[in-house]
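The sequence shown maps to residues 1083 to 1358 in this note's numbering.
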Amino acid sequence: MKNFYAFAHIPKTAGTSFYQILERNFGRSFVHVSSLGIAESPLGSEAIKRFVLDNEYVKALGGHRVRFNLPWHKVDELNLCAISYVRNPIDRLRSEYHYLKTLRLKVKGFYAASTYEEFIYKIIRDEDELVKFASYQFRYLVTGTNISSVDELMENDNILIFPTEYFLSSCAMLEFRFPNEFKDCSYVVRNAGPKVEKEKYLKLESQLEIAFKHIKNNDFVLWRAVLAKSEGFKNEHWHELNKIESMLNKKNRLRKYIIAPLQYYLDRVNTYAKLI
1083 MKNFYAFAHI PKTAGTSFYQ ILERNFGRSF VHVSSLGIAE SPLGSEAIKR FVLDNEYVKA
1143 LGGHRVRFNL PWHKVDELNL CAISYVRNPI DRLRSEYHYL KTLRLKVKGF YAASTYEEFI
1203 YKIIRDEDEL VKFASYQFRY LVTGTNISSV DELMENDNIL IFPTEYFLSS CAMLEFRFPN
1263 EFKDCSYVVR NAGPKVEKEK YLKLESQLEI AFKHIKNNDF VLWRAVLAKS EGFKNEHWHE
1323 LNKIESMLNK KNRLRKYIIA PLQYYLDRVN TYAKLI
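Here's what the structure looks like:
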């Protein structure tokens, strides 16, 4: 039975770093959904089913428009696995706000706030928006599904959700669980966003955290459930995962300090050569 991987990319959860792993391990058999020419957003189960059936060479797809409303039992001879990352909800929100500011795009709604403090206060004071932001990651994943709770989400063995904070460990877990597909999960961190002094926002963000935790299926519940599940798997397979992580650390340094700079230099040379 063929394994097929669908990656749901929640904004500012290390998804851009994960794409390079998918591209290296699957090559042309990985497809980013933005290249499909399908306008539907998020992608519906039937659209994914048609694409999988019409493109036998494809083994993985991913993107912001992928959710967990996948055709789980509608494609014969296919073992469908969903992958995603979730992050401490306050860290994700802070990262997204400051990242959008660096892009200098004309943003709408609450993200148009001139300061991060104003942004947070607006969320706290608007009950409808508070609900949306509090369970943003949970709703992002389960839109279009019949999953109604974090517990249901965590019980599905075909769904692999990792904490962004354990990114290195998640790469080791993928190599350990799927050695035929994920042969090399080394990486260089990409699209990390600006560094922000978290300490200056501690008091303000603690108010937001308290407000979030009053919302049903809030992202703190999801994030902590994912942390616990990942920690349990790490403890169960500590010896094997520790060896894989050690090797990944060596490969990561090689990519960061030798391969990536060399590739950048070659790209510059090629660009210059085309101008001559």
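For every residue, glycine included, the Cβ atom is placed at its ideal position computed from N, Cα and C.
Query, Result
"Reference Glu-1122; option with closest CA among Gly-1145, Glu-1199, Arg-1186", "Gly-1145"
"Residues near Lys-1141 in its chain [Cβ-Cβ closer than 8 Å; skip 5 each side]", "Lys-1084, Asn-1085, Phe-1086, Tyr-1087, Phe-1108, Ser-1111, Phe-1112, Glu-1263"
"Spatial distance of Glu-1257 from Tyr-1347 (CA atoms)", "30 Å"
"C-beta contact flag for Phe-1150 and Leu-1223 at 7 Å", "yes"
"Whether Thr-1246 touches Arg-1169 by CB criterion (7 Å)", "yes"
"Spatial distance of Arg-1272 from Ser-1099 (CA atoms)", "5 Å"
"Meets three-Cβ-pair contact criterion under 8 Å: the stretch 1149 to 1166 and the stretch 1281 to 1301", "no"
"Euclidean distance between Cα positions of Ala-1096 and Ile-1172", "15 Å"
"Cα-Cα separation, Ser-1117 to Ile-1165", "19 Å"
"Neighbourhood of Tyr-1248 by C-beta distance below 7 Å, restricted to the same chain and skipping five residues each side", "Ser-1312"
"Exposure of Ser-1252, with buried meaning 16 or more beta-carbon neighbours within 10 Å", "buried"
"N- and C-terminal bounds of the beta strand (DSSP E) containing Ile-1241", "1241 to 1245"
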